[in-house]
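Asks:
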Amino acid sequence: MSISKKFLWRLGLWSLLMLYILLALLIFKGPVDKMATKLRNDQPRFEDDAQRGIASRVFNRPIYLTQIDFAVDQKLWATGKTRKGIQDKQRLFLRAEALRNIQDQYILREKIRLNADDHPVSEKAINAAVLRFSSRFNTKQEMTEALQAYGFKGEKELRFRLAAQLQQEKYILSKIQLGIAVTDQDTQKWYNDFKEKATTPERINVQHIFISRLPAPGQTPAQKATYAKQTLAACLANPDWSANAAKHSEDERTKNNSGNLGWIHHLRIAKDFTDACFATELNTPTIITTKLGWHLINILEKQPAKTRTFEQMKPEIVIAIETIRRQEQIENYRLNLRKQHGSYIKTNWPVVTGPWTD
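Numbering of the sequence shown is given in my numbering, commencing with residue 1 and proceeding in unit increments.
#1: Going by alpha carbons, who is nearest to Lys339 out of Asn238, Ser56, Gln327 and Asp104?
#2: Hey, Val72 and Ala55: beta-carbon distance below 8 Å or not?
#3: Using 8 Å as the threshold, is the C-beta distance between Lys75 and Leu92 below it?
#4: Among the candidates Leu282, Leu166 and Ser134, whose CA atom is the shortest distance from the CA of Val121?
#5: In whole angstroms, give me the CA-to-CA distance for Pro217 and Thr226.
#6: Verify whether the separation of the beta carbon atoms of Ala243 and Asn256 is less than 8 Å.
#7: Using the C-alpha atoms, what's the distance from Ile204 back to His265?
#8: Is the separation between the beta-carbon of Val351 and that of Gly53 shorter than 8 Å?
#9: Less than 8 Å between the beta carbons of Arg83 and Trp356, yes or no?
#10: Please list, in chain order, all residues of the same chain as Arg326 whose beta carbon is under 6 Å from its beta carbon, the five residues on each side excluded.
#11: Cα separation between Trp241 and Ala228?
#12: Let me check one thing: in DSSP terms, what residues is Gln188 bridge-paired to?
#13: Give the C-beta separation of Tyr333 and Ile176 to the nearest angstrom, bearing in mind that I take them to be a contact with Cβ-Cβ under 8 Å.
#14: Return helix, strand or coil for Lys346, following the three-state DSSP convention.
#15: In this structure, how does DSSP classify Ala129 when only helix, strand and coil are distinguished?
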């Protein structure tokens with residue numbers, strides 16, 4: 001079969017181009033060599049990164065120590081803790097975990113960038129995320145100062161970061177969805193294995209009118225006790241629970257709902273309260289005293305302990321299995337991503353081991 005002239009012409013041009021590039025790099029030091037030198041010089045050096053507070057790079061994108069500490073603060077806040085009292089080893093552990101998560105996020109962003117249109121995030125979802133974040137702070141000024149401390153350029157960047165996080169979650173879910181699917185066979189097996197834990201304890205439906213032991217301003221403890229006993233005795237004589245609770249109860253959560261506490265069992269609320277409630281007969285309003293104060297209680301219903309059926313438990317079982325499998329699938333997916341792109345991850349550990357950022 002003969003080779004066409006068009007093919008030979010293209011091959012010749014390609015050969016000349018390769019020859020030009022080779023000569024420009026090795027001999028003539030021309031524009032190609034200058035471009036290559038510039039690219040080499042533009043590559044970040046760890047010494048420079050350390051001075052700028054850059055702890056890591058992923059695909060050459062910087063991760064600042066302030067970002068890591070921000071992620072650590074979020075985790076501590078979620079568990080009701082702060083940086084106070086954190087030892088050096090624990091700080092390094094928390095930072096290493098946060099850094100790994102951020103690095104994984106950067107890798108995911110590269111994956112998502114080419115598939116952004118397939119995983120849109122609504123303004124409603126972003127607004128909800130911003131609201132959850134802002135609830136951490138007492139004032140707007142406090143949140144603004146926190147954003148500045150973490151290197152965020154205002155709420156606009158916060159929205160951008162939260163939107164990126166939501167988009168990552170959607171992307172990951174699309175990759176692991178098949179692995180977290182739960183079948184009827186899965187749920188039935190779980191129920192059979194853990195049936196003994198599906199027993200509902202004895203419980204009662206309670207309403208109460210509560211008066212605290214804490215005296216009002218200018219009132220002595222003895223005066224408060226007298227007031228409580230007289231008030232609850234008057235309520236006992238008047239069966240209008242809704243009006244009595246709204247007028248006299250000091251339980252702000254239930255006073256406008258006829259004092260209804262709902263269903264409780266022995267493991268809920270204070271023991272002295274539950275013991276007294278379970279000892280009280282149905283529909284027999286009774287005044288009791290606890291460590292917290294005085295209560296007029298009424299037991300509306302009682303249910304004995306019973307084992308819940310499979311159908312009753314099934315929705316909860318599905319959620320439990322999905323949660324476990326989701327965590328496993330996400331971890332496996334992240335590990336695979338790091339194996340594929342590990343050469344693009346660089347970490348400056350001396351920066352990571354440094355003191356807290358402001």
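Ideal Cβ positions, reconstructed from N, Cα and C, are used throughout, including at glycine.
Because the structure is a prediction, the values reported are computed rather than measured.
Replies: Judging by the given coordinates:
#1: Asp104
#2: no
#3: no
#4: Leu166
#5: 15 Å
#6: no
#7: 7 Å
#8: yes
#9: yes
#10: Ile180
#11: 16 Å
#12: Looking at the DSSP assignment, Gln188 forms no beta bridge with any residue, so it has no partner.
#13: 6 Å
#14: strand
#15: helix
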